[in-house]
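> Input: one structure, supplied below.
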Amino acid sequence: MAAFPRSHHDPPNITVAPSPLPGIREHETAPSLFPTRGSYNLVHASKVFPKRVPLYLLKKITNGFSVDRELGTGAYGKVYKGVHKNGETIAVKLLRSMPGLDDERFEEEFHNLARLQHKNIVRLVGFCHEIQREFVLHDGRMIFADSEHKALCFEYMHNGSLDKYIFGIIVLFFLV
């Protein structure tokens with residue numbers, strides 16, 4: 001199910017799909033992911049299961065996936081720092097559209113990441129999978145086309161990625 005905003009300013013009405021979690025019913029309205037009141041936050045709320053985050057909100061908290069928010073690049077996409085106005089920070093991995101990365105593979109990877117629970121591994125706290133109809137230029141003419149957007153949201157590591165520390169230790173070892 002994809003949620004489409006009425007305009008790019010209006011948030012979509014988000015419903016929760018059938019869930020294996022007790023207490024969540026089909027067509028139940030999902031709580032706001034980043035409310036301004038109370039102590040609720042995405043990282044805390046996702047301890048049970050990752051939450052759906054709409055694309056418009058990911059764009060907003062990453063400044064439109066701007067270069068100044070870019071944390072790194074991997075084989076499947078770029079990672080951005082997302083900061084909400086309530087101060088909550090997450091890492092958003094925006095996945096590239098790839099013919100080999102189909103829905104079944106994305107779903108399998110999502111479930112594998114959702115099951116990981118270890119103190120030394122950043123936790124998957126949210127996800128986005130939306131298809132939007134866009135008006136684009138193709139072969140010299142404007143056409144409507146479906147544009148698929150996939151993203152994974154993780155806990156944010158305030159001290160950066162572990163690889164820079166490991167690489168630094170290896171370099172020091174060989175220099176000494």
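Each residue of the sequence shown is one higher than the one before, starting from 1 at the first, in the UniProt record's numbering. Just so you know, even glycine gets a beta-carbon here, dropped at the ideal spot from N, CA and C. Everything numeric in this text was worked out from a predicted model, so none of it was measured.
Nearest-angstrom Cα distance between A114 and E108?
Numbered from its first residue, the sequence shown carries residue 114 at position 114. Numbered from its first residue, the sequence shown carries residue 108 at position 108. C-alpha separation (whole angstroms): 10 Å.
> How far does the alpha helix (DSSP H) with I121 in it extend, from its first residue to its last?
Stepping through the sequence shown from its first residue, residue 121 is reached at position 121. That residue, I121, is in no alpha helix (DSSP H); it is neither H nor E in DSSP.
> Using CA atoms only, rank isn't needed, just tell me which of L95, E155, K78, F144 is closest to I116.
Here the question's residue 116 lines up with position 116 in the sequence shown. Inspection of the sequence shows that residue 116 is occupied by Leu rather than by Ile. Nearest C-alpha to L116: E155.
> Below 8 Å on the Cβ atoms is my contact criterion, and I expect E88 with Y80 to pass it. Report the Cβ-Cβ distance as a whole number of Å.
Position 88 of the sequence shown, counted from the first residue, corresponds to residue 88. Position 80 of the sequence shown, counted from the first residue, corresponds to residue 80. Actually they are not in contact, since the Cβ atoms of E88 and Y80 sit about 14 Å apart, beyond 8 Å.
> Quick check for students: name the residue ranges of the alpha helix (DSSP H) that lie wholly in the stretch 52-93, counting only runs of 4 or more.
Taking only runs of at least 4 residues, the alpha helix (DSSP H) segments lying wholly in the stretch 52-93 are 55-61.
> Whole angstroms is fine: what's the gap from A151's alpha carbon to F127's?
For this step, residue 151 is matched to residue 151 along the sequence shown. For this step, residue 127 is matched to residue 127 along the sequence shown. If you take the alpha carbons of A151 and F127, they lie about 6 Å apart.
> Are G82 and C153 close, meaning C-beta to C-beta below 9 Å?
Numbered from 1 along the sequence shown, position 82 holds the residue referred to as residue 82. Numbered from 1 along the sequence shown, position 153 holds the residue referred to as residue 153. Closer than 9 Å, so yes.
> Would you mind working out which of H138, S66, S147, L94 sits nearest A75, comparing C-alpha positions?
In the sequence shown, counting from the first residue as 1, residue 75 sits at position 75. Nearest option by C-alpha distance: L94.
> Is it the case that the Cβ atoms of L55 and Q132 are separated by a distance below 9 Å?
To locate residue 55, count along the sequence shown from 1; it is residue 55. To locate residue 132, count along the sequence shown from 1; it is residue 132. Going by C-beta atoms, L55 is nearer than 9 Å to Q132.
> To which residues of the same chain is T142 closer than 8 Å at the C-beta, ignoring the five residues directly before and after it?
Taking the sequence shown and counting its residues from 1, the one referred to as residue 142 is at position 142. Note that residue 142 is Met in the sequence shown, not Thr. Closer than 8 Å at Cβ, skipping near neighbours: F135, V136.
> Per the DSSP calculation, H111 is bridged to which residue(s)?
Here the question's residue 111 lines up with position 111 in the sequence shown. Its beta-bridge partners do not exist; DSSP assigns none.
> So, with DSSP's three-state summary, where would you put F106?
Here residue 106 refers to the residue found at position 106 when the sequence shown is read from its first residue. DSSP places F106 in helix when its eight states are reduced to three.
> Using the Cα positions of V125 and N63, report the straight-line distance between them to the nearest angstrom.
Here residue 125 corresponds to residue number 125 of the sequence shown, with the count starting at 1. Here residue 63 corresponds to residue number 63 of the sequence shown, with the count starting at 1. Rounded to whole angstroms, V125 to N63 spans 20 Å at the Cα level.
> Tell me the DSSP secondary structure of F135 in three-state form.
Taking the first residue of the sequence shown as position 1, residue 135 is located at position 135. In this structure, F135 counts as strand in the three-state DSSP scheme.
> Measure the alpha-carbon distance for F110 versus V122 and round it to whole angstroms.
By one-based count along the sequence shown, residue 110 stands at place 110. By one-based count along the sequence shown, residue 122 stands at place 122. About 14 Å.
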